[in-house]
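Beneath this line is the structure, given in structure tokens, with notes to follow.
In the working numbering, the protein residues as written are 69 to 318.
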């Protein structure tokens with residue numbers, strides 16, 4: 069980074085979803101950063117995540133001392149400085165980081181507090197992390213959004229810790245057109261004030277789908293999205309009645 073920061077930044081990747089992680093358990097950690105840069109937390113997140121001036125990540129994750137009953141708390145910022153209640157791959161990275169470095173966890177089952185509430189993670193024998201996602205909820209089974217081209221696009225609106233518009237497509241042959249449409253509807257006036265992520269999926273064979281998510285706050289496709297994978301799987305499961313869905317991203 070072009071700005072020296074008085075705090076260690078760890079860059080982590082969960083299935084290609086990248087994050088800058090800061091151990092903010094010291095009460096002075098964030099105060100030191102804010103004082104050094106003279107910027108707010110959202111502005112600092114933008115700087116750290118920046119592709120040129122920063123470490124080029126999809127988001128910034130700050131670990132803090134856990135509230136009662138939690139191993140740790142977190143604050144999560146997208147690369148544009150906005151906050152998000154939940155991020156599945158960031159949850160995996162946070163759990164792995166804390167298990168490896170904090171040294172004060174009593175078991176392989178980790179409990180932490182996010183904007184979406186309690187999230188639990190399990191450290192598996194091979195070092196991989198399994199996260200129990202927040203309960204997925206269908207907010208609106210059928211929602212039509214009018215676009216600037218005057219066409220109406222149909223989605224399912226679900227919440228998997230964060231809101232997702234989900235649309236089934238035949239294939240990803242025109243990903244640029246899909247991205248343009250996602251960029252428009254993610255902040256549609258019918259979804260204000262929070263907006264939504266936009267997830268497209270195509271069924272390859274029964275029980276297996278391919279999906280991609282346009283993430284609000286990143287304002288682009290990401291290589292993976294845990295909440296988006298769950299959203300796509302939920303939509304496909306409701307259609308096909310299958311209880312197990314394999315999701316490939318992107």
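In this text, a Cβ means the ideal position worked out from N, Cα and C, and glycines have one as well.
This one's a predicted model, so the numbers in the text were calculated from it and none came from an experiment.
Beta-carbon contacts of residue i that lie in its chain and below 6 Å, excluding the five residues immediately before and after
{"i": "residue 206", "result": "226"}
{"i": "residue 255", "result": "263"}
{"i": "residue 82", "result": "157, 160, 161"}
{"i": "residue 220", "result": "212, 214"}
Same chain, Cβ closer than 8 Å to residue i, neighbours up to 5 away in sequence not counted
{"i": "residue 118", "result": "124, 147"}
{"i": "residue 76", "result": "90, 91"}
Residue i versus residue j: straight-line alpha-carbon distance, rounded
{"i": "residue 210", "j": "residue 114", "result": "35 Å"}
{"i": "residue 249", "j": "residue 215", "result": "8 Å"}
{"i": "residue 310", "j": "residue 317", "result": "19 Å"}
{"i": "residue 189", "j": "residue 196", "result": "10 Å"}
{"i": "residue 293", "j": "residue 135", "result": "27 Å"}
{"i": "residue 237", "j": "residue 153", "result": "27 Å"}
{"i": "residue 273", "j": "residue 308", "result": "11 Å"}
{"i": "residue 122", "j": "residue 103", "result": "18 Å"}
{"i": "residue 109", "j": "residue 191", "result": "30 Å"}
{"i": "residue 224", "j": "residue 208", "result": "6 Å"}
{"i": "residue 94", "j": "residue 80", "result": "21 Å"}
{"i": "residue 101", "j": "residue 74", "result": "6 Å"}
{"i": "residue 288", "j": "residue 120", "result": "17 Å"}
{"i": "residue 111", "j": "residue 145", "result": "10 Å"}
CB contact flag (residue i, residue j, <8 Å)
{"i": "residue 240", "j": "residue 264", "result": "no"}
{"i": "residue 230", "j": "residue 295", "result": "yes"}
{"i": "residue 141", "j": "residue 150", "result": "no"}
{"i": "residue 139", "j": "residue 179", "result": "yes"}
{"i": "residue 128", "j": "residue 87", "result": "yes"}
{"i": "residue 315", "j": "residue 297", "result": "yes"}
Other residues of its chain near residue i: CB distance less than 7 Å, five sequence neighbours each side excluded
{"i": "residue 290", "result": "85, 126, 281, 283"}
{"i": "residue 313", "result": "275, 277, 301, 304, 305"}
Contact test: residue i Cβ vs the ligand MG heavy atom, cutoff 7 Å
{"i": "residue 266", "result": "Absence of the ligand MG from the depicted structure is noted, as is the absence of any ligand whatsoever, leaving it without description."}
Runs of alpha helix (DSSP H) wholly within the region 155-225 (minimum 4 residues, chain order): Those alpha helix (DSSP H) runs which fall completely within the region 155-225 and span 4+ residues are 156-169.
Where in the region 90-152 do unbroken runs of the beta strand (DSSP E), each at least 3 residues long, occur, reported from the N-terminal end onward? The qualifying runs are 127-133, 140-146.
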